[in-house]
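**Q**
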Amino acid sequence: MLPKAKASKLHVLAAEIPSGFKFTDTSKKEFVLGKQFATGGFGRIYTCTEAGKKELLCVKVEPAENGPLFVEIAVFQRALKLDMIQAYCKEKKIKSVGLPHMVSGGIFDYKEDKMRFLIMPKYHGSLEAVREKSGRLDEAAAITVAKATVRSLDYLAFKNYTHGDIKSMNILLPSPSDYEGAVLVDFGLARMASSNVEKADKKRAHNGTAIFTSLDAHRGFQPSYRGDVEILVYNIVYWISGKLPWQPKESNPAAVQTEKEVWEKSAEKEIEKLIGSPIGGPIAKIYRLAQKTPYTSYVDTVAVFKLLDQALAACKKPAASKKAESTTAKAATTKPSTSKRVVAKKVVVEESDEEEEEVIPKSSSRRVRKPVIDSEESAEEPSPLPKRQALKPVKSASLPKRAGSEGIDSSREDRLRKRTASVEPAGLNSPTRKPSDPKQRRPIPGLANRIVKRIVEEDEEAEARSDETDEEEDEEDRPKGVGSALKANKDELRRMVPGMRNLQKGRRSEIISQIARKHKK
Ligand SMILES: Nc1ncnc2c1ncn2[C@@H]1O[C@H](COP(=O)(O)OP(=O)(O)OP(=O)(O)O)[C@@H](O)[C@H]1O
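The sequence shown runs 1 to 521 under full-length UniProt numbering.
1. Heavy atom of ligand 1 less than 7 Å from the Cβ of Pro174, yes or no?
2. Please state whether DSSP places Ala38 in a helix, a strand or coil.
3. Could you tell me whether any non-hydrogen atom of ligand 1 is closer than 7 Å to the CB of Val97?
4. Between which residues of its own chain and Glu268 is the CB-CB distance below 6 Å, once the five residues before and five after are set aside?
5. Identify every residue that forms a DSSP beta bridge with Asp309.
6. For ligand 1, any of its heavy atoms closer than 7 Å to the Cβ of Val185?
7. When you compare each of Gln257, Gly52 and Arg191 to Ala74 by their alpha carbons, which one comes out closest?
8. So for Ser194, helix, strand or coil by DSSP?
9. Is the beta carbon of Arg44 closer than 8 Å to that of Val71?
10. Using the Cβ count rule (16 or more neighbours within 10 Å means buried), how would you classify Pro18?
11. Pro121 by DSSP, collapsed to three states: which one?
12. Leaving out five residues on either side along the sequence, give the residues of the same chain with a beta carbon under 6 Å from the beta carbon of Pro282.
13. Quick check on this structure: which residue in Phe42, Gly52 and His163 has the alpha carbon closest to the alpha carbon of Ala79?
14. Would you call the stretch 144-151 and the stretch 186-206 touching, i.e. three or more CB-CB distances under 8 Å?
15. Ordered along the chain, which non-local residues of its own chain (more than five positions away) have a Cβ less than 7 Å from that of Ala303?
16. What are the partner residues of Arg44, as DSSP defines its beta bridges?
17. Specify the secondary structure class of Glu30 as computed by DSSP and reduced to three states.
18. Helix, strand or coil: how does DSSP classify Phe187 here?
19. Inspect the CB distances between the stretch 218-238 and the stretch 174-186 and report whether three or more fall short of 8 Å.
20. For Gly37, count neighbouring C-beta atoms within 10 Å of its own C-beta (all shown protein chains included) and say buried if the count is 16 or more, exposed if not.
21. For Gln257, count neighbouring C-beta atoms within 10 Å of its own C-beta (all shown protein chains included) and say buried if the count is 16 or more, exposed if not.
22. Could you tell me if Pro386 is buried or exposed, where buried requires 16 or more neighbouring beta carbons within 10 angstroms of its beta carbon?
23. Quick one: is Ile166 buried, meaning 16 or more other Cβ sit within 10 Å of its Cβ, or exposed?
24. Phe108 bridges to which residues according to DSSP?
25. Within its chain, find whatever has a CB closer than 7 Å to the CB of Leu244; leave out the 5 residues flanking it on each side and keep chain order.
26. Is Ala146 buried or exposed, if buried means 16 or more other CB atoms sit within 10 Å of its CB?
27. What does a CB cutoff of less than 7 Å around Asn170 pick up in its chain, not counting 5 residues either side in sequence?
28. Where do the ends of the alpha helix (DSSP H) carrying Lys90 lie?
Encoded structure:
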C-alpha cells in the first residue's frame with residue numbers, strides 16, 4: 001500500500017475574481033470585492049467594502065482546500081476579534097495593540113470553486129516598502145516601530161500566542177510615516193505557546209525566516225515569547241544598519257544558526273559595531289533579557305519598553321553628537337544584497353525557460369510554515385478551547401491575567417496540525433486558467449524556501465509514514481494534488497505550480513532543478 005503521505009501537499013492558487021463580485025459571510029453580511037492589490041503566499045489580496053458602506057477593507061482569498069489561510073483565520077477568531085482587542089485596550093489604557101482585527105471570514109462560492117476569505121482593515125503599505133527605498137530605516141523610525149511591535153507581542157502573549165515571523169514585510173503602516181501606528185500582520189506561523197515544552201523537534205528546525213528567526217526556532221523548538229523578542233532585535237539591527245552578519249549564508253539556515261550562536265556570546269559588542277553604542281547599548285540589553293528569559297516564560301516587556309525608550313532618546317540626540325558615535329557602525333554598513341534575500345518584493349516575475357544546474361543545499365529550503373489546517377468545515381468558527389494551562393511569567397507586570405479559553409483544544413490542534421502539517425505552499429494552477437497579470441505578480445519573500453522545505457518535508461513524512469497502518473484520518477480528507485511524477489518534470493513544475501511562478505527568475509530555476517532532481521531519483 002502506498003503511504004498516505006504520498007498525497008499532495010501543494011496548494012492551489014486562487015482564481016482571479018473580478019472586481020464587483022458580491023459575497024456574503026455566515027451572518028449574511030454582504031461584501032463587494034474591489035481590486036487585487038497584492039499576492040500572498042498562495043492567495044490573492046483584494047480591497048473590498050461592506051455593501052452600502054464606504055470604508056475600504058482588505059480581503060485575503062484562497063481556495064478553501066488550501067491550508068494557510070485557515071491557520072490565519074483561526075488566529076483571528078481566537079485572538080483578534082474587535083471586542084477582545086477593545087477590552088484589552090480599555091484595561092491597559094492604550095489606543096491600539098498594533099494588530100488588525102477580524103472584520104469577517106468564511107467561505108463563498110465562485111464558479112465551481114469554494115473560496116476561503118478573511119476580511120480585515122486595509123492599511124496603507126508595508127514597512128518593507130519604506131525600508132527598501134534606502135536599504136535602511138531611520139533610527140527613530142526603527143525604534144518607534146519596535147515599540148509598536150512589542151505592544152503587539154504583548155497582546156499576542158496575553159492571548160498565549162507567539163508570532164514567529166516578525167519582519168518589515170509583515171509590518172504595515174496605517175499611513176505613510178505613521179510608525180507609531182505600525183501593525184503586525186501575517187499569522188501563518190503564529191502559534192499558541194501555552195503548551196510549549198522544552199523539546200526540540202528536528203523537523204521543525206529553522207522555522208521562520210532564516211536571517212531573522214530565533215535560536216529556539218533554529219533548534220527545532222516551538223516558537224517562544226523570548227524568541228519573538230530575539231527576532232525583533234535582529235530586525236532592529238537590520239533596519240538600522242541595513243545588514244546582518246549571516247545574510248550571505250541565508251540559503252543555509254544551519255550555517256545561519258551557527259553564526260547566531262557565535263554572535264550570541266558577544267552580542268553587546270556585535271550590536272554596537274553595527275548600530276553604534278547609544279542605541280546599540282539598550283538594544284543589546286533587550287537581546288540579553290530575551291536570551292535569559294526561560295523558554296516557556298513571558299519576557300519582561302516593561303523592561304523592554306524602558307530600554308526602547310532609552311534607545312529612542314539616544315536617537316533624538318542632535319545629529320552632530322550622534323554622528324561621531326555612530327561612525328563605526330556606518331563604516332561597517334554595506335548596501336543590502338537583494339538577490340537572494342527574502343525581501344525582493346518589487347521585482348516583476350517573468351516566465352523564463354532558463355534552467356540552471358546549481359544545486360541549492362537541502363538546508364537552504366529551511367524557511368517554513370507549518371500551518372494548522374482543517375478540512376472545509378473548519379473555515380467556520382474553530383470550536384472553543386477548554387482552559388489552557390497558564391504559564392508562570394518571569395515578571396508579568398505588563399501582562400494582564402491570561403486568556404485561557406479561546407480556540408481549539410490542544411489535542412484537536414495537534415491532530416489538525418499533524419493531519420495537515422504536510423499541507424502547504426504552492427499549488428496547482430489549472431492549465432486552463434489564465435495567468436495573472438504579470439504586473440501583479442511579484443516574487444513572494446521567503447516563498448522559495450517554503451516551497452522547497454515543504455517538498456522536502458513531504459518526502460520525509462512519506463518515508464516516516466510508510467510504516468504506519470491506517471488508523472489515522474481518512475485519505476479522502478487530505479487535499480489531493482501534485483505527485484512525484486509532476487515534481488520530477490521541470491516543465492510541469494514550472495507550469496503547474498503557481499508558487500513557482502511567483503519566484504524570481506534565477507531562484508525559480510534553481511528550485512525547480514533541485515526539486516526535479518530529487519524526484520527523478
Ligand atoms: N490588511 C492589509 N492592508 C494592506 N495591505 C495588506 C494587508 N494585508 C496584507 N497586505 C499586503 O499583502 C502582502 C502579503 O500579505 P501577507 O503577508 O499577510 O500574505 P501571506 O499570504 O501570508 O504572504 P506570505 O505567505 O508571502 O507571507 C503584505 O506584505 C502587504 O503588502
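From the three backbone atoms N, C-alpha and C, an ideal C-beta is built for every residue, glycine too.
**A** Per the coordinate set shown:
1. Not so, every heavy atom of ligand 1 lies at least 7 Å from the Cβ.
2. Look at Ala38 here: in three-state DSSP terms it is strand.
3. Between ligand 1 and the CB of Val97, the shortest heavy atom gap is not smaller than 7 Å.
4. Correct list, in chain order: Ala284.
5. Bridge partners of Asp309: none, in fact.
6. If you check the C-beta of Val185 against ligand 1, you find a heavy atom less than 7 Å away.
7. Distance from the Cα of Ala74 is smallest, within the candidate group Gln257, Gly52 and Arg191, for Arg191.
8. When DSSP states are grouped into helix, strand and coil, Ser194 belongs to the coil group.
9. No, the Cβ-Cβ distance between Val71 and Arg44 is not below 8 Å.
10. With fewer than 16 Cβ atoms within 10 Å of its Cβ, Pro18 is classed as exposed.
11. Secondary structure of Pro121 (DSSP, three-state): strand.
12. Taken in chain order, the residues that qualify are Leu307, Gln310 and Ala311.
13. Closest in alpha carbon position to Ala79, among Phe42, Gly52 and His163, is His163.
14. No, the stretch 144-151 is not in contact with the stretch 186-206.
15. Taken in chain order, the residues that qualify are Leu289.
16. As computed with DSSP, Arg44 is found in a beta bridge with Thr39 and Val61.
17. In the structure shown, Glu30 sits in a strand (DSSP, three-state: E or B).
18. Here Phe187 sits in coil by DSSP.
19. They do not touch, by the three-pair rule.
20. What sits at residue 37 in the sequence shown is Phe, not Gly. So Phe37 ends up on the exposed side.
21. By the neighbour-count rule (16 or more Cβ atoms within 10 Å), Gln257 is buried.
22. For Pro386, the pLDDT reaches just 27, beneath the cut-off of 50, and the residue's location in the model is therefore unreliable, leaving the point undetermined.
23. Buried, by the Cβ-count rule.
24. Per DSSP, Met115.
25. Excluding residues within five positions, the ones whose Cβ falls inside 7 Å are Ile211, Tyr234, Val237 and Tyr238.
26. With 16 or more other Cβ atoms within 10 Å, it is buried.
27. Taking C-beta separations shorter than 7 Å and ignoring five residues to either side along the sequence, the partners of Asn170 in its chain run Leu184, Val185 and Asp186, following chain order.
28. From DSSP, the alpha helix (DSSP H) with Lys90 extends over Leu82 to Lys92.
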